[in-house]
Amino acid sequence: LIQPHEMINPQVDEQSMMTYLSQYPNAQLKPGAPVKPKNYANQVHCYGSGLDHMGHIVDKPVIFHIETCAAGLGKVDVIVVNPNGQTEECTIEFREDINRTYDCVFYPTINGEYKVIVTFNEQEVRNSPFIINVDLPEPTPDMLVNDEIDAPGNENTPSDIEQPFYENFNPTNAIVYDRQETANIKITNLDEEGDDLILQEDHIYYAH
């Protein structure tokens, strides 16, 4: 058996230590004794496209995985910090496979630089925090059309609207409004021959 003073020797393996302690089954830890359990956070492996620096879009899922088989048993936590310094929810699900994998997903709400902090037993794992950049979604054709319509100078005008078509009315004493000469609005007697009138070009006829 090893001697008590030999327990501090780094060459003493765990089996020798357990053999020594087995000789004292009734031994108890002295209150106040400094105990610092080993933490194998550096053995945790994080991977997945969700941890890539680029390629992330607002409101689209950011997915990554955490393997803890080499680190043993422990508590896994993920903290997502957005560009405003606020934390955002991240869903973590334990897969219960041989690699003790945790599947993680979150949905970024704003664009900018995010920090993904992964801890194992309250200690950050290797390469944490992960820095990822989130972009705004690419504008769709519909969005481009709407933006062009709403842009200053592109407001709808009467010329952009399909001209109305009136049938079977008497055009006598109708008002003729010419957009080209808005200041010259006049009342005129239109040709009474024929019962139909088709509006064309930049003229709008309003019948009394």
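For the sequence shown, the numbering used here assigns the number 30 to the initial residue and increments by one for each residue that follows.
Here a beta-carbon is modelled for each residue, glycine too, at the ideal position from N, C-alpha and C.
Endpoints, beta strand (DSSP E) assigned at residue i
i: Tyr53; result: Tyr53 -> no beta strand (DSSP E), and no H or E assigned at all.
i: Lys144; result: Gly141 to Phe149
i: Tyr76; result: His74 to Tyr76
i: Asn162; result: Phe159 to Asp164
Between the CA atoms of residue j and residue i - distance to the nearest angstrom
i: Arg129; j: Ile37; result: 32 angstroms
i: His85; j: Gly79; result: 8 angstroms
i: Ala99; j: Glu167; result: 41 angstroms
i: Ile214; j: Asn140; result: Summary for Ile214: the model assigns pLDDT 48, below 50, so the residue's position carries little reliability; its value from the coordinates is reported in the next sentence. Answer to the nearest angstrom: the Cα atoms are 53 angstroms apart.
i: Glu118; j: Tyr136; result: 8 angstroms
i: Ser45; j: Pro39; result: 12 angstroms
i: Pro90; j: Asn68; result: 31 angstroms
i: Asp164; j: Asn71; result: 31 angstroms
i: Arg124; j: His94; result: 10 angstroms
i: Gln32; j: Met47; result: 13 angstroms
Opposing strand residues paired with residue i [DSSP bridges]
i: Thr116; result: Val110
i: Thr130; result: Glu96
i: Glu122; result: Asp132
Buried/exposed call for residue i, threshold 16 Cβ in 10 Å
i: Tyr131; result: buried
i: Phe149; result: buried
i: Phe159; result: buried
i: Thr97; result: buried
Can you find at least 3 beta carbon pairs, one from the segment 55 to 62 and one from the segment 102 to 112, that sit closer than 8 angstroms? These segments do not touch.
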